[in-house]
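Going by this note's numbering, 22 is the number at position 19 of the sequence shown; the sequence numbering is gapless.
Ideal Cβ placement from N, Cα and C applies to all residues, glycine included.
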Amino acid sequence: MQYFLTQGPFAVLFVWLLIYVMRNNREREKQLHQTLNEFASRYDIVIDELREIKDRLPRR
């Protein structure tokens, strides 16, 4: 019983901290995924614009 009284609060704190960190990581991953999707859609636009500019330049 003495063992659980001394180690119990640390176990509860550890579990709480683990759940807290996992929730924050999940939110961070969602934001990163959204950012990467937005970048990917804009990347295609930038590439198309660069190709148009390249086509307008005189060839050597």
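Can you give me the C-alpha to C-alpha distance between Tyr23 and Thr38, rounded to a whole angstrom?
23 angstroms
What separation, rounded to the nearest whole angstrom, lies between the Cα atoms of Lys57 and Glu41?
25 angstroms
By how many angstroms is the C-alpha of Arg54 removed from the C-alpha of Ile48?
10 angstroms
I need the DSSP call for Leu60, collapsed to helix, strand or coil.
coil
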